[in-house]
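So in our numbering, the last spot in the sequence shown is 1272, and the numbers never skip. Heads up, the beta-carbon is just placed ideally off N, CA and C, and yes, glycines get one too.
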Amino acid sequence: INDPQNAYMYYDLLKKDTSPNKYTFNILINHSMKLDSSTSQAESYFNDMINIYNIRPDRSSFSFLIIGFANHQQLDKAEYYLNQMINKYSLKPDPPILNSLINCSEKLNQKSKSQYYKEKYLSKIK
């Protein structure tokens, strides 16, 4: 699916004919983050996954959101989902997630946040 409109149509078909699973949602979230500059569609898919289909997000679900928000320089939203990932779902972030937060923090000239992620998380990964 290389067109956002096709992804949305695909999702609409899934809602009518079958029940999507976490892999379906992860693909839609990832695709939306890459193609939708507003990022709102990816959040909508994530919320539907949890609230409508009762599907528990996995590390990939959060990874696509956090990295996507970081790439769009929306650090507050990226951190929100990082906190959800850790505190609500007891999932640990992996190096790509942390690197995206560090890079975003540095691009936004928030060196203290960048240093925080380096010290709190990356220093523990060996």
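Got a sec, what are the start and stop residues for the alpha helix (DSSP H) residue i sits in?
i	result
L1211	1205-1217
D1194	1186-1197
Q1261	1257-1266
N1176	1168-1181
P1241	1241-1253
Y1235	It is not in any alpha helix (DSSP H) - Y1235 carries neither H nor E in the DSSP assignment.
M1229	Reading off the sequence shown, one finds Asn at residue 1229, where the question assumed Met. Per DSSP, N1229 belongs to the alpha helix (DSSP H) from 1221-1229.
Take the Cβ of residue i as the centre, count every other Cβ of all protein chains shown within 10 Å, and call the residue buried at 16 or more, exposed below.
i	result
N1197	exposed
N1148	Low local confidence applies: a pLDDT of 48 at N1148 is under 50, so the model's placement there is unreliable, and no value is given.
P1242	exposed
Y1267	buried
E1189	buried
N1172	buried
Q1187	buried
Would you mind giving the Cβ-Cβ distance between residue i and residue j, rounded to the nearest angstrom? I have them listed as a contact below 8 Å.
i	j	result
K1168	I1201	5 Å
L1211	I1248	Actually they do not touch by this definition, with Cβ atoms about 17 Å apart.
Contact between the stretch 1185-1196 and the stretch 1228-1245 (3+ Cβ pairs under 8 Å)
no
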